[in-house]
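Residue numbers (my numbering): 7 to 496.
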């Protein structure tokens with residue numbers, strides 16, 4: 007039996023990195039130079055990239071080889087060099103964007119084991135970020151052969167949920183070859199007429215000078231767009247588009263089509279049995295029953311949040327890194343709505359008395375922010391007191407004006423995590439989110455720094471530091487609010 011002492015080996019090599027003892031390579035990272043004193047024998051044995059590089063570099067007068075890596079950040083290289091020496095990597099505290107940069111850098115440095123691990127990690131733990139940055143992620147995975155795991159994941163999402171990329175903010179910047187790879191898919195779950203509309207939209211984005219009004223276009227404009235879309239149009243399945251859609255969506259752009267193709271499409275509508283010379287692509291394989299829409303309203307009549315928001319909140323309740331794609335494990339039962347039941351905080355206490363596991367959602371007046379908090383404990387309409395919990399959290403949700411959602415969990419001062427104060431018409435999650443009086447007519451709500459919830463859920467200018475010196479900009483009222491009871495779905 008062979009005894010293995012990998013932990014000691016890993017720790018000893020990590021100490022060697024830290025000390026820089028007998029180093030023979032100096033690696034300079036980023037434009038603002040950060041220097042790492044490392045050992046060529048270790049880096050060469052772990053990475054083919056470093057072996058090839060060091061073979062081409064001569065020692066200087068100090069018997070040290072100098073290598074510059076200007077396109078890798080210090081944050082990323084810190085993780086990589088520790089992995090090379092110790093075989094260990096800690097990703098939980100890294101931002102998703104840094105992990106993706108780490109994947110790109112690991113591929114460049116030919117750290118194949120790490121490239122595979124990071125792809126699985128991103129898919130399993132950073133789904134929300136991958137979805138929000140889908141066009142960038144797919145574009146990168148399409149270009150890099152070794153990103154097959156991420157690429158397969160992206161293509162599966164594209165085929166089942168095409169709006170993920172067609173409705174993304176980066177769709178117009180998608181390279182032509184990437185768009186064509188999507189158009190070629192037989193399993194793209196989208197009506198052909200809608201695909202045509204997206205392709206036209208992409209082409210127009212490449213020709214910014216085109217008049218907005220189609221009636222103002224001359225042959226010059228049509229020729230310009232036709233040249234842009236030449237390769238893409240070959241993959242539109244024109245013969246699977248209905249007559250109504252053809253007349254409404256394609257006929258106005260008929261000058262983009264080759265004359266023979268246009269004649270053949272019309273022939274099919276008029277005399278379907280007559281032969282045609284154009285290539286007829288097969289219909290796409292649309293799955294039945296129809297797949298649920300990823301971004302749709304939650305199944306109850308919410309005026310504020312979407313199903314995507316509800317899935318994200320549910321993942322926070324379960325302390326999961328990645329929201330479910332669909333099938334929310336929790337039922338959201340509407341208890342209170344301001345426009346229906348009234349906006350006074352006492353209304354929340356009266357309706358939610360003795361109810362636990364509630365989510366409060368607020369749509370902030372004037373900023374369109376969506377803020378909220380989760381209380382796993384019961385509200386009490388008869389007694390003022392602080393309540394202790396380690397499972398509550400506050401948040402702001404992604405909106406058109408908010409790039410990413412922000413989650414702030416209670417991390418200290420657990421004894422005052424929840425403020426239950428019906429006699430003062432006051433409700434709070436520590437000082438991180440405080441609701442006072444009439445939420446609509448009175449501007450008395452605020453969010454404070456340095457509370458039991460350390461991560462601010464609003465931008466700096468809207469936060470306050472002291473309750474007795476609150477600037478007007480830090481106070482807010484709401485357009486609407488809703489309170490939901492959260493229960494496991496049967």
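Every residue gets a Cβ at the ideal spot worked out from N, C-alpha and C, and that includes glycine.
Item                                                                                                                     : Value
Rounded straight-line distance, which links the Cα of residue 426 to that of residue 481                                 : 20 Å
At least 3 beta-carbon pairs within less than 8 Å: the segment 253-270 vs the segment 163-177                            : no
Cβ-based neighbour list, residue 351, same chain, cut-off 6 Å, excluding 5 preceding and 5 following                     : 431, 433 and 441
Nonlocal neighbours in the same chain, by C-beta distance under 7 Å from residue 142, ignoring five residues either side : 176
Coil, strand or helix - residue 14 by DSSP                                                                               : helix
Endpoints, the alpha helix (DSSP H) within which residue 354 is located                                                  : 351-358
Other residues of its chain near residue 238: CB distance less than 8 Å, five sequence neighbours each side excluded     : 182, 185, 186, 189, 205, 208 and 209
Secondary structure of residue 225, DSSP reduced to three states                                                         : helix
The segment 94-102 contacting the segment 46-58, beta-carbon criterion three pairs below 8 Å                             : no
For residue 392 and residue 422, believed in contact at Cβ under 8 Å, the rounded distance                               : 4 Å
C-beta neighbour in chain D for residue 367, strict 8 Å                                                                  : Note that chain D does not occur in the displayed structure, where there is just one protein chain.
Proximal residues to residue 339 (C-beta, below 7 Å), its chain only, five neighbours per side dropped                   : 490, 491 and 493
As assigned by DSSP and simplified to three states, the class of residue 453                                             : coil
Close beta carbons around residue 283, own chain, < 7 Å, minus the five adjacent residues each side                      : 266 and 270
Extent of the continuous alpha helix (DSSP H) to which residue 279 belongs                                               : No alpha helix (DSSP H) contains residue 279, which DSSP labels as neither H nor E.
Residue from 138, 193 and 252 with nearest C-alpha to residue 199                                                        : 252
Pick from 71, 52, 111 and 448 that is closest to residue 79, judged by C-alpha positions                                 : 111
Three-state secondary structure assigned by DSSP to residue 140                                                          : helix
Segments of 4+ residues assigned as alpha helix (DSSP H) that fall wholly inside the segment 103-151                     : 118-131, 133-138 and 140-149
Between the CA atoms of residue 164 and residue 385 - distance to the nearest angstrom                                   : 44 Å
Length of the line joining the Cα atoms of residue 122 and residue 153                                                   : 8 Å
Reduced DSSP category for residue 184 - H, G, I as helix; E, B as strand; rest coil                                      : helix
Member of 27, 91, 16 and 41 whose CA lies at the smallest distance from the CA of residue 53                             : 91
Same chain, Cβ closer than 7 Å to residue 450, five either side skipped, listed in chain order                           : 442, 443 and 481
Residue 382 - DSSP class collapsed to helix/strand/coil                                                                  : coil
Nearest-angstrom Cα separation, counted from residue 25 out to residue 118                                               : 27 Å
Cβ pair residue 47, residue 195 closer than 8 Å                                                                          : no
Counted within 10 angstroms of its Cβ, other Cβ atoms place residue 436 as buried (16 or more) or exposed                : buried
Span of the beta strand (DSSP E), counted from its first residue to its last, around residue 32                          : 31-35
For residue 217, the three-state DSSP class (helix, strand or coil)                                                      : coil
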